[in-house]
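> This note's numbering applies: residue 6 is where the sequence shown begins, and numbers increase by one.
By construction, the Cβ of each residue, glycine as well, lies at the ideal position given by its N, Cα and C atoms.
Treat the numbers as computed from the prediction; the structure is a model and nothing was measured.
Here's a structure for you.
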Amino acid sequence: MGDTRRAGQTKRSGGQAVVDALRDHGIDTAFCVPGESFLPILDALYDAPEIAVIACRHEHGAAMMTEAYGKLTGRPAVCLVTRGPGACNAAIGVHTAFQDSTPMLLLIGQVRRAFIGREAFQEVDLARMFAPLAKRAAQVGDAAALPAAVADAVRDASAGRPGPVVLALPEDLLAATTTLADIPPHRAGDAKLDAETDEGLMERLHHLLGDARRPLMILGGGGWTDQARADIHAFAVANGLPVACAFRRHDIFPNRDPLFVGELGIGPNPALVARARAADLLIAVGTRLGEITSQGYTLLPAASGGGADGPDLVHVHPDASEPRRVFPVVLAVPAGPAAFAAAASRLAPVNAGRWRDWATAARADYLADRAAAVGGDGLDLRQVMTVLDAALPDDAVVTVDAGNFSGWPQRFLSFGGARRLLGPCNGAMGYAVPAAIAAKHVAPERTVVACVGDGGFGMTGQELATAMARDLAVVVLIFDNGMYGTIRAHQERAFPGRAIATALTNPDFAALARAYGAQGETVARTEAFAPALSRALAGAGPAVIVLKVDPEMITTRARLSDLHPSAAR
6 MGDTRRAGQT
16 KRSGGQAVVD
26 ALRDHGIDTA
36 FCVPGESFLP
46 ILDALYDAPE
56 IAVIACRHEH
66 GAAMMTEAYG
76 KLTGRPAVCL
86 VTRGPGACNA
96 AIGVHTAFQD
106 STPMLLLIGQ
116 VRRAFIGREA
126 FQEVDLARMF
136 APLAKRAAQV
146 GDAAALPAAV
156 ADAVRDASAG
166 RPGPVVLALP
176 EDLLAATTTL
186 ADIPPHRAGD
196 AKLDAETDEG
206 LMERLHHLLG
216 DARRPLMILG
226 GGGWTDQARA
236 DIHAFAVANG
246 LPVACAFRRH
256 DIFPNRDPLF
266 VGELGIGPNP
276 ALVARARAAD
286 LLIAVGTRLG
296 EITSQGYTLL
306 PAASGGGADG
316 PDLVHVHPDA
326 SEPRRVFPVV
336 LAVPAGPAAF
346 AAAASRLAPV
356 NAGRWRDWAT
366 AARADYLADR
376 AAAVGGDGLD
386 LRQVMTVLDA
396 ALPDDAVVTV
406 DAGNFSGWPQ
416 RFLSFGGARR
426 LLGPCNGAMG
436 YAVPAAIAAK
446 HVAPERTVVA
456 CVGDGGFGMT
466 GQELATAMAR
476 DLAVVVLIFD
486 NGMYGTIRAH
496 QERAFPGRAI
506 ATALTNPDFA
516 ALARAYGAQG
526 ETVARTEAFA
536 PALSRALAGA
546 GPAVIVLKVD
556 PEMITTRARL
566 SDLHPSAAR
């Protein structure tokens with residue numbers, strides 16, 4: 006039916022007002038698990054074909070799909086869940102969006118206003134529950150406020166440091182019909198959401214870079230548009246500036262570029278960590294320099310402003326309160342990645358000859374690290390990743406779950422340019438499969454591969470049913486080693502020989518995939534992977550390849566027996 010409203014004020018239900026506002030403000034996708042508390046919204050979506058409604062099998066999966074949509078597009082989608090249990094299940098995705106700086110809207114059906122505060126059926130104080138997990142959380146108490154509430158939520162999710170906004174919507178408010186005014190739209194991506202970078206601060210940066218001898222730029226955070234990536238690349242090339250990326254953000258900069266020197270993530274190249282500490286100037290753009298990227302907050306001296314005690318730090322971040330929150334800085338630049346990268350690309354190049362050898366050595370360290378890895382019996386994951394890297398198109402999307410297994414795709418696949426990496430920087434399991442489904446929905450023409458451990462697949466692998474229902478041809482690689490490998494590794498380090506609660510009894514994942522109607526096969530030998538991948542990529546629907554991983558291959562840098570000699574299995 007489309008939009009039948011007249012200009013100005015219209016009489017409609019609260020549910021219709023919410024859907025009209027979502028449509029007006031550029032929301033084109035809603036991921037949901039249906040609930041009775043927001044039936045008026047679902048009914049209004051029936052008449053809004055412009056908004057794709059994707060029904061999921063669990064709120065965990067729906068929220069992760071919403072986060073991945075925002076991470077890939079830079080625009081928020083909406084996640085619709087019911088009160089109480091539904092909201093609690095979705096909280097994992099909200100926390101992921103918060104720590105990963107991803108725009109996202111979570112709309113929650115709430116109990117009737119007259120029941121609030123009585124511990125009604127499935128009642129939770131949602132604004133209070135989500136306050137520490139979201140950029141903003143609120144409960145709407147008046148139907149007339151719905152259009153403005155949705156408008157503000159879209160704006161707040163995208164402005165400054167992107168993040169999740171949560172709105173609790175009482176079900177009687179959604180059902181009520183009243184006269185409601187429309188709110189002029191402010192869509193995600195509006196130029197005014199990312200203010201111009203101060204010229205004086207850019208001039209100061211230019212002087213600091215001109216005086217440097219061992220500079221290193223670290224890129225991370227959310228809000229990177231294609232143009233921002235191109236601009237920051239131009240800035241780095243013009244100045245011969247070596248570039249590292251924050252944890253699970255190394256698709257921001259082309260990995261094949263001679264200036265790319267690696268990822269500061271979990272189990273990073275020790276040579277890169279040493280080089281970052283030896284730098285005399287660190288330019289951190291977008292990243293919060295959180296615990297993982299800063300290697301447990303040790304990358305810089307916490308009490309030093311740089312100089313003799315450590316690198317000078319230039320911290321560029323859209324949230325003006327973020328620089329200096331953990332590390333002292335010599336220059337704080339309150340700007341989003343797009344505005345900063347554009348301004349940086351216009352700076353006159355400095356004389357990069359002083360650090361040419363420094364940059365060349367950093368790249369050599371990176372290439373040497375990619376050439377080395379722990380080997381395993383039967384299936385060599387480094388060779389598997391080499392085959393996958395060569396087979397993937399330049400615009401492929403790869404999603405990774407949390408876990409030690411993720412070191413293989415993160416270390417041995419190439420990203421940047423048009424190829425994207427989507428991974429949970431907050432370390433949430435159950436991300437990769439839903440994220441791949443969202444990516445394939447956004448860009449059905451692109452190859453999308455999910456890399457997930459057996460533990461993570463057990464959490465949200467049922468979303469294969471969603472992929473089948475939507476005819477989304479994702480390829481899922483399950484790294485099956487029969488255990489929660491990350492925790493087992495920690496156990497062997499802290500409590501050698503006393504493993505408990507980390508062994509997994511898994512189903513036949515390939516048979517499970519076939520039960521869903523997807524392709525499914527198991528690979529136990531290196532030479533069997535290439536033909537299995539070819540079949541999966543050529544298929545018309547979802548495909549699952551189970552990689553039978555030697556449990557000894559606990560990380561890309563260590564065997565399980567290296568952690569404790571008696572731990573070999």
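1. Would you grab the beta carbon distance between residue 82 and residue 35 for me? Rounded to a whole angstrom, and I think it's under 8 Å.
2. Determine which residues share a DSSP beta bridge with residue 456 and list them.
3. Can you tell me whether residue 126 is buried or exposed? The criterion is at least 16 other CB atoms within 10 Å of its CB, across all chains shown.
4. Just to confirm the assignment, what range does the beta strand (DSSP E) spanning residue 524 have?
5. Using DSSP bridges, identify the partner residues of residue 317.
6. I'd like the list of long-range same chain contacts for residue 304, defined as Cβ closer than 6 Å, with 5 residues on each side in sequence excluded.
7. What three-state label does DSSP hand residue 17 in the structure shown?
8. Quick one, which of 320, 421, 264, 168 has its alpha-carbon nearest residue 372's?
9. Can you tell me which of 455, 136, 269 puts its alpha carbon nearest to the alpha carbon of residue 278?
10. Who are the near neighbours of residue 496 in its chain, counting only those whose CB is closer than 8 Å to its CB and skipping five residues on each side?
11. Take residue 63 as the anchor and find which of 71, 57, 94 has the nearest alpha-carbon.
12. Skipping 5 residues on each side, what residues in its chain have a beta carbon closer than 7 Å to that of residue 427?
13. Please list, in chain order, all residues of the same chain as residue 411 whose beta carbon is under 6 Å from its beta carbon, the five residues on each side excluded.
14. With a cut-off of 8 Å on the beta carbons, I'd call residue 456 and residue 512 a contact; round off their distance for me.
15. Assess, as a yes-or-no matter, whether the stretch 376 to 389 is touched by the stretch 553 to 571 under the definition of 3 or more beta carbon pairs within less than 8 Å.
16. In this structure, how does DSSP classify residue 561 when only helix, strand and coil are distinguished?
17. DSSP on residue 310, reduced to helix/strand/coil?
18. Does the stretch 322 to 335 come close enough to the stretch 351 to 365 that 3 or more CB-CB pairs lie under 8 Å?
19. Only counting the same chain, and skipping five residues up and downstream in sequence, which positions put a Cβ closer than 7 Å to that of residue 302?
20. Using only alpha-carbon positions, find the residue among 242, 105, 37 that is nearest to residue 229.
21. Which term fits residue 244, buried or exposed, when burial requires 16 or more other beta carbons within 10 angstroms of its beta carbon?
22. What is the DSSP secondary structure of residue 3, counted as helix, strand or coil?
23. Could you tell me whether the Cβ atoms of residue 210 and residue 254 are closer together than 8 Å?
24. Which partner residues of residue 550 appear in the DSSP bridge assignment?
25. In angstroms, rounded to a whole number, what distance separates the CA positions of residue 185 and residue 99?
26. Indicate the three-state DSSP secondary structure (helix, strand or coil) for residue 430 in the structure shown.
27. Taking one C-beta from the stretch 165 to 179 and one from the stretch 143 to 150 each time, how about it: are there three or more such pairs within less than 8 Å?
28. Leaving out five residues before and five after residue 49 in sequence, what residues of the same chain have Cβ atoms less than 6 Å from its Cβ?
29. How about residue 466 and residue 409: do their beta carbons lie closer than 8 Å?
Quick look at the numbers:
1. At roughly 7 Å, the Cβ-Cβ gap stays under 8 Å, so residue 82 and residue 35 are in contact.
2. In DSSP, residue 456 forms a bridge with 405, 482.
3. In the assembly as shown, residue 126 is an exposed residue. Its beta-carbon has fewer than 16 other beta-carbons within 10 Å.
4. Judged by DSSP secondary structure, residue 524 falls within the beta strand (DSSP E) whose first and last residues are 524 to 528.
5. Beta-bridge pairing links residue 317 to 286.
6. Non-local C-beta neighbours of residue 304 in its own chain, meaning closer than 6 Å and more than five positions away in sequence, comprise 281, ordered along the chain.
7. Secondary structure at residue 17: strand, using DSSP grouped into helix, strand and coil.
8. Closest in alpha carbon position to residue 372, among 320, 421, 264, 168, is 264.
9. It is 269 whose Cα lies nearest to the Cα of residue 278.
10. Hits under 8 Å: 503, 504, 505, 507.
11. With respect to the C-alpha of residue 63, the residue from 71, 57, 94 having the closest C-alpha is 94.
12. Counting only Cβ-Cβ distances below 7 Å, and skipping sequence neighbours, we find 73, 76, 77, 402, 404, 440, 444.
13. Closer than 6 Å at Cβ, skipping near neighbours: 405.
14. Separation of the CB atoms of residue 456 and residue 512 is rounded to 19 Å, and the pair is thereby denied contact status at 8 Å.
15. By the Cβ rule, the stretch 553 to 571 counts as touching the stretch 376 to 389, because three or more pairs are nearer than 8 Å.
16. Correct three-state label for residue 561: coil.
17. With a pLDDT of only 48 at residue 310, under the threshold of 50, the placement of this residue in the model should not be trusted, and no figure is reported.
18. Contact between the stretch 351 to 365 and the stretch 322 to 335 is absent, because fewer than three Cβ pairs lie under 8 Å.
19. Hits under 7 Å: 296, 331.
20. Comparing Cα positions, the closest option is 105.
21. Buried: at least 16 other Cβ atoms inside 10 Å.
22. The requested residue 3 is not part of the displayed model; the chain covers only 6 to 574.
23. No; because the gap between Cβ atoms is not below 8 Å, this pair is not in contact.
24. DSSP output for residue 550 lists 482, 526 as bridge partner(s).
25. Those two C-alpha atoms are separated by around 29 Å.
26. Reduced to three states, the DSSP call for residue 430 is coil.
27. With the cut-off at 8 Å, the stretch 165 to 179 and the stretch 143 to 150 touch.
28. Short of 6 Å from the beta carbon of residue 49, and not among the five residues preceding or following it, lie these beta carbons of its own chain, in chain order: 20, 21, 24.
29. Not closer than 8 Å, so no.
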